[in-house]
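For reference, the structure discussed in these notes is given below.
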Amino acid sequence: MHLDTCLAQIGNNKQDVTGAISTPIYHSTTYRHPRLGESTGFDYTRTKNPTRQTLEDAIATLECGVRGFAYGSGMAAIAGVLGLFGQGDHLLVSHDLYGGTYRLLEQILPRQGITTTFVNTEDLTEVAAARQENTRAIFIETPTNPTMRITDLREVIGWAKGYGLITIVDNTFMTPYLQRPLTLGADVVVHSATKYLGGHNDVLAGVAVAREEELAERIYFLQNSIGATLGPQDAWLLMRGMKTLALRMERHQQNAQVLAEWLDGHPLVKKVYYPGLAAHQGREVHISQAEGYGGMLSFELVSERLVEPLLRHLDLIAFAESLGGVESLITYPARQTHFDVPEEIRNSLGVTDSLLRLSVGIEHDRDLIEDLARAFEASEREIAEQEGELV
Numbered sequence: 001m002h003l004d005t006c007l008a009q010i011g012n013n014k015q016d017v018t019g020a021i022s023t024p025i026y027h028s029t030t031y032r033h034p035r036l037g038e039s040t041g042f043d044y045t046r047t048k049n050p051t052r053q054t055l056e057d058a059i060a061t062l063e064c065g066v067r068g069f070a071y072g073s074g075m076a077a078i079a080g081v082l083g084l085f086g087q088g089d090h091l092l093v094s095h096d097l098y099g100g101t102y103r104l105l106e107q108i109l110p111r112q113g114i115t116t117t118f119v120n121t122e123d124l125t126e127v128a129a130a131r132q133e134n135t136r137a138i139f140i141e142t143p144t145n146p147t148m149r150i151t152d153l154r155e156v157i158g159w160a161k162g163y164g165l166i167t168i169v170d171n172t173f174m175t176p177y178l179q180r181p182l183t184l185g186a187d188v189v190v191h192s193a194t195k196y197l198g199g200h201n202d203v204l205a206g207v208a209v210a211r212e213e214e215l216a217e218r219i220y221f222l223q224n225s226i227g228a229t230l231g232p233q234d235a236w237l238l239m240r241g242m243k244t245l246a247l248r249m250e251r252h253q254q255n256a257q258v259l260a261e262w263l264d265g266h267p268l269v270k271k272v273y274y275p276g277l278a279a280h281q282g283r284e285v286h287i288s289q290a291e292g293y294g295g296m297l298s299f300e301l302v303s304e305r306l307v308e309p310l311l312r313h314l315d316l317i318a319f320a321e322s323l324g325g326v327e328s329l330i331t332y333p334a335r336q337t338h339f340d341v342p343e344e345i346r347n348s349l350g351v352t353d354s355l356l357r358l359s360v361g362i363e364h365d366r367d368l369i370e371d372l373a374r375a376f377e378a379s380e381r382e383i384a385e386q387e388g389e390l391v
């Protein structure tokens, strides 16, 4: 079936006894055994829950994997997968990635004896040069958060397989509707399901999907042993959000394209990062491995002084962390999502103090442009008045 149909049908035809269309929320933490030595398939909800199982089966199908896993947050999903590694292991990681992942890799995993080298995964020569004898995996974001750098997944995955490395791809920005890394040979895909999969800024969740059964068993052992699983109520909310993912992603990227082109022509904008723009670095590679450009973009202002007034003068677009919801959100990465990344490194990656990240919602694009235009005009006027006072 088409992905649109798979999404709309999540949880349907699963309840043979009642015929319920919407998957029930099973709050029970334990399940009665028919007799000694027999099980219904459900024993204890940390190990397996019927509502969570429906969600995990759905995300596995959507990402073309053998098994899915649902966690209490996106970071829990990433930490759960990185639990595959231990003392003495080394990881290669995209150097421009979400600040929370950077924090995990730099401040927590070293305590477990795991080291990381951050590399430009756009450049296979640099990736290959950074490999060590104890390298066990490569972790990739593409497009990256927030400067939308593109990694050639086929190229890097092919290289990694030659050395027996596990390839992990954070697919949060694209979702399985637009990009399916497992079909390109990646071993594991992770998502902050809080974002586009949930889509309504009302559920905190993470998911992971494994391509092959052996690795899936290892991830399941960790998920069950650590217990960072998603509760049934949140699993149901996530499934409800996922049913409209196809419709939402089409509107997200339609609006993002319009806003990216508008911002690209604005005199107060120095640079726009969006794969849908013809000049975006890596655009052709992105087109070869994805079916759209997504709803995320970033833009650099001509002056850091514009940041504060612009954020203050926006009315429709909310200044808030997170992304992927139906409402448009704008974020200041240097002070929010990427604050834990050292300033020197942030600047070298383009995450400067004048960069803003925009999660484009599903509102009418004209209203979004008018909101930005008013904020730009008010900010420019305010700065001009301040400069006049100083003179």
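In my numbering, the protein residues as written are 1 to 391.
For every residue, glycine included, the Cβ atom is placed at its ideal position computed from N, Cα and C.
Count the other C-beta atoms from every protein chain shown that fall within 10 angstroms of the C-beta of residue i, then say buried if there are 16 or more, exposed otherwise.
i	result
residue 141	buried
residue 280	buried
residue 302	exposed
residue 448	Residue 448 lies beyond the residue range present for the chain, which begins at 1 and ends at 391; the question has no answer from this structure.
residue 1	exposed
residue 288	exposed
residue 27	exposed
residue 212	exposed
residue 390	Because residue 390 sits at a pLDDT of 47, beneath the cut-off of 50, its placement in the model cannot be relied upon, and the point is left open.
residue 52	buried
residue 312	exposed
residue 177	buried
residue 143	buried
residue 108	exposed
residue 241	buried
residue 32	exposed
residue 357	buried
residue 134	exposed
residue 98	buried
residue 36	exposed
residue 21	exposed
residue 39	exposed
residue 257	buried
residue 12	exposed
residue 205	buried
residue 123	exposed
residue 125	exposed
residue 56	buried
residue 41	exposed
residue 381	exposed
Would residue i and residue j qualify as a contact pair, given that the criterion is a beta-carbon distance under 9 Å?
i	j	result
residue 245	residue 276	no
residue 226	residue 69	no
residue 270	residue 308	no
residue 92	residue 85	no
residue 323	residue 363	no
residue 88	residue 223	no
residue 306	residue 318	no
residue 361	residue 368	yes
residue 121	residue 149	yes
residue 274	residue 260	yes
residue 232	residue 45	yes
residue 10	residue 239	yes
residue 396	residue 114	Given that the chain is displayed from residue 1 to residue 391, the structure contains no residue 396 and the question cannot be resolved.
residue 7	residue 161	no
residue 419	residue 24	This structure cannot speak to residue 419, because the chain is shown only from 1 to 391.
residue 187	residue 210	yes
residue 157	residue 167	yes
Which residues does DSSP list as the beta-bridge partners of residue i?
i	result
residue 206	71, 192
residue 383	BP columns for residue 383 are empty, so no partner.
residue 273	298
residue 219	DSSP output for residue 219 lists no bridge partner at all.
residue 359	296, 329
residue 168	139, 188
residue 229	71
residue 44	30
(message) So, does the segment 132-140 touch the segment 366-382, judging by three or more C-beta pairs under 8 Å?
(response) Touching, no, given that fewer than three Cβ pairs across the two stretches are closer than 8 Å.
(request) Give a yes or no on contact between the segment 248-263 and the segment 290-302, applying the rule of three or more CB pairs nearer than 8 Å. (result) A contact exists between the segment 248-263 and the segment 290-302.
(message) Assess contact between the segment 187-205 and the segment 73-84, defined as three or more Cβ pairs (one per stretch) separated by less than 8 Å. Is contact present?
(response) Output reads yes: the segment 73-84 touches the segment 187-205.
(request) Evaluate the contact criterion for the segment 338-356 versus the segment 95-113: three or more CB pairs, one atom per stretch, below 8 Å. (result) With a cut-off of 8 Å, the segment 95-113 and the segment 338-356 count as touching, because enough Cβ pairs lie within range.
(request) Can you check the segment 69-143 for any beta strand (DSSP E) of at least 3 residues that lies completely inside it and give the ranges in chain order? (result) Runs of beta strand (DSSP E) with 3 or more residues, each lying fully within the segment 69-143, are found at 90-94, 115-119, 135-141, listed in chain order.
(request) Could you name each continuous alpha helix (DSSP H) segment of 4 residues or more that falls completely within the segment 278-315, going from the start of the chain to the end? (result) Taking 4 residues as the minimum length, the alpha helix (DSSP H) runs contained wholly in the segment 278-315 are 283-289, 307-313, in order along the chain.
(message) Check whether the segment 198-212 and the segment 255-267 touch, using three or more Cβ-Cβ pairs below 8 Å as the test.
(response) No, the segment 198-212 is not in contact with the segment 255-267.
(request) Examine the Cβ distances between the segment 50-66 and the segment 168-183 and report whether three or more of them are shorter than 8 Å. (result) Under the three-pair Cβ rule at 8 Å, the segment 50-66 counts as touching the segment 168-183.
(request) Go through the segment 319-357 residue by residue and report every complete run of the alpha helix (DSSP H) that reaches 4 residues or more, in order. (result) Counting only runs that start and end inside the segment 319-357, the alpha helix (DSSP H) elements of at least 4 residues fall at 343-349.
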